[in-house]
Amino acid sequence: MNQLRITYISQTLGMGGAEIFISELLAELQKRHQITAYTNYRQFQNQLRSHAIVAGDIPVVIDIIGNWKGLFKAAVLLPYAWLVYGAIVFRVRDAGVILISGFAEKLFVSFWAWLFRVPVVWIEFSPLTTLFEKFFGFPRVWYWLAACFPAKVITTSRHSQFGLLKEGILTKQQLVRIPCGRNIAVPARSGIIKQQEVVCISRMEEGKGQDILVQIFALVHKKLPSAHMTLVGEGAFLTSVKKQIRTLQLTKVIACLGRVPDALAILQKARICAVPSIWPLEGFGLVACEGLALAKPVVAFDHAPINEIVTHERNALLAPDGDLEKFADNIIRLLTDDNLATRLGRSGAKEFQSFYTIEQVAKKYELLLQDHVKK
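Residue numbers (my numbering): 67 to 441.
Next comes the structure, spelled out in structure tokens:
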């Protein structure tokens, strides 16, 4: 395979699963190809640079899918943003292909790339229906204007692929599904962790399900007072979740750590990986993948796209949507049944090694990009 010149351009407002995946994907691709990246978020830049990736700065943030304040600000900055992205694309016009995952960039960067004859490939992590409905449909129009540009649009799950097709903006021929992956060493086989610890790692945001999980754990605590839960993640929703924990008098059995330097080290010490997300913009569910990698049985709702990654009674226990009591019962089963927890955990580790290592995922990206690189 010939060496590719790949440029990644996207803004972000924080570090989440998408940014972790992108940084590890680009690091893996850089072993064989020339990678350049541009982003606005300093922490993401530092993450990329820690992998020896050249990371330039996007000096403007255009948020057209957040709130009205952000949209009005974007309208004021629009002419400047067009020039900024034009300058960036001009700088990397010799690239073989440009990867884009941010929303606003899909029009800015794609237009300039078309002008300079650089192929673009989008990464679309989630269905966009709820975003398209905002601001009287303005995001839908923005996306429609850009949809003619990408050679391919990579989606991470059948759930995302179906949602994007349903919108009728992208064509079936444009879409290709490649799952996310992680660069995690699967631990050697060991005995089940005896500690009755549940861990949930996720950005603190409504829809991610931490508030629901607290309600669930209140049910667990009544039947199993020795159980403990740790919530890892930062975000505006953290204040509300902490208040809920105090109201339910669970401060001694639920810890909120916020952002930590090594979330996987926390998960490694747990017995269960909890993924309570019911977020309509959930596109993959990377933390479920991390749970599999660390041989942790996953508890979740039987809700897409999480149920594409894990399977009930094989590497996870899934509760029907909205059934908090069943979710609590599943946690209790895993905390009290060593054989079940061990079996599901080991099966999950095998699943991760078969489908979700970053090496496997990067190889699929390589093959796709090779077909669409500038000749």
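Even glycine gets a Cβ: it sits at the ideal position worked out from N, Cα and C. Small disclaimer: the values here were computed from a predicted structure and weren't measured.
The C-beta distance from A217 to V265 rounds to 40 angstroms, too long to fall under 8 angstroms, and the pair is not in contact.
Fully contained in the stretch 192 to 275 are the following alpha helix (DSSP H) runs of length 4 or more, in chain order: 195 to 198, 204 to 212 and 224 to 233. Inclusion of V280 and L316 in the CB contact set at 8 angstroms is warranted, their separation being smaller than that value. Within the DSSP bridge table, the entry for G122 names Y104 as partners. Looking from the CA of V127, the closest CA among D328, W134 and L144 belongs to L144. For V163, the enclosing beta strand (DSSP E) stretches over residues V163 to I166. Per DSSP, the continuous beta strand (DSSP E) segment holding A340 begins and ends at I338 to V341. A direct Cα-Cα distance of roughly 30 angstroms separates R337 from S226. Uninterrupted alpha helix (DSSP H) stretches at least 4 residues long and entirely within the stretch 343 to 407 occur at 352 to 359, 372 to 375 and 390 to 402, given in chain order. T222 is classed as buried because its beta carbon has at least 16 other beta carbons within 10 Å across all chains shown. If you look at V319, you'll find it isn't in any alpha helix (DSSP H); DSSP assigns it neither H nor E. By the Cβ rule, the stretch 319 to 329 counts as touching the stretch 289 to 309, because three or more pairs are nearer than 8 angstroms. In the three-state DSSP reduction, L290 falls in the coil class, being neither helix nor strand. With contacts defined by Cβ atoms closer than 8 angstroms, A382 and V364 form a contacting pair. Here M295 is bridged, per DSSP, to V264 and I320. The residues S268, S343 and W345, in chain order, have a CB closer than 7 angstroms to that of K274 in the same chain once the five nearest residues on each side in sequence are set aside.
If you ignore the 5 residues before and after L194, its C-beta comes within less than 6 angstroms of no other C-beta in its own chain. In terms of CA proximity to G324, E271 leads the group N106, A370, F177 and E271.
By the Cβ-count criterion, L433 is exposed, with fewer than 16 other Cβ atoms from all chains shown falling within 10 Å of its own Cβ. When DSSP states are grouped into helix, strand and coil, E190 belongs to the strand group.
Looking at N112, G357 and E348, the one whose alpha-carbon comes closest to that of H369 is E348. Within the same chain, H294, A336 and R337 come within 6 angstroms of E263 by CB-CB distance, once the 5 residues on both sides are set aside. Judged by their CB atoms, A103 and A121 are nearer to each other than the 8 angstroms cut-off. Rounded to the nearest whole angstrom, the CA to CA distance from V326 to A361 is 21 angstroms.
Comparing alpha-carbon positions, the option among F182, I88, H287 and F110 lying closest to L165 turns out to be I88. Residue pairing by DSSP places Y74 opposite A103 and L165 in a beta bridge. Distance from V219 to L236 at the Cβ level is roughly 6 angstroms; contact confirmed, criterion being Cβ atoms closer than 8 angstroms. Taking the C-beta atoms as reference points, H99 is found nearer than 8 angstroms to L70.
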